Amino acid sequence: MKGVASKMDTVKTRKQGNAVMVTLASKFEVPEGKTYYISKESDGTITLIPKIEDYFVNAKENEFIDKEDEQVRGFEVESRLLDE
81 MKGVASKMDT VKTRKQGNAV MVTLASKFEV PEGKTYYISK ESDGTITLIP KIEDYFVNAK
141 ENEFIDKEDE QVRGFEVESR LLDE
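In structure tokens form, the structure reads like this:
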């Protein structure tokens, strides 16, 4: 709705041992045991990015081939040219 601020969820940090924890509600569907990269910006914003073990595991053959790749298909460098 235009002009109406959306309600944002809030959480409080809590101390657990030598760490500070943030609990994420189940509605965010964050799986248990998932690894994330974490970064903190200068303004205090914290970002979590899921770690993908193998980005190309489900890729179809030639899915990531583009025009530039086609232009160099079959390109070979002769080892004697590398020293020139």
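In this note's numbering, the protein residues as written are 81 to 164. Don't be surprised by glycine CBs; every beta carbon is placed ideally from N, CA and C. Keep in mind the model is a prediction, meaning the values are calculated, not measured.
Between residue i and residue j, is the Cβ-Cβ spacing less than 8 Å?
i	j	result
LEU104	ILE118	no
THR90	MET101	no
Do you know offhand how far residue i's Cα is from residue j's?
i	j	result
GLU109	TYR135	21 Å
LYS107	ALA99	24 Å
PRO111	GLU133	15 Å
GLU156	LYS131	35 Å
ASP123	LYS114	26 Å
In the DSSP assignment, find the unbroken alpha helix (DSSP H) run with residue i in it and report its ends.
i	result
GLU147	A quick correction: the sequence has Lys, not Glu, at residue 147. Taken as a continuous stretch (DSSP letters only), the alpha helix (DSSP H) holding LYS147 covers 147 to 151.
Would you mind reading off the limits of the beta strand (DSSP E) that contains residue i?
i	result
SER119	116 to 120
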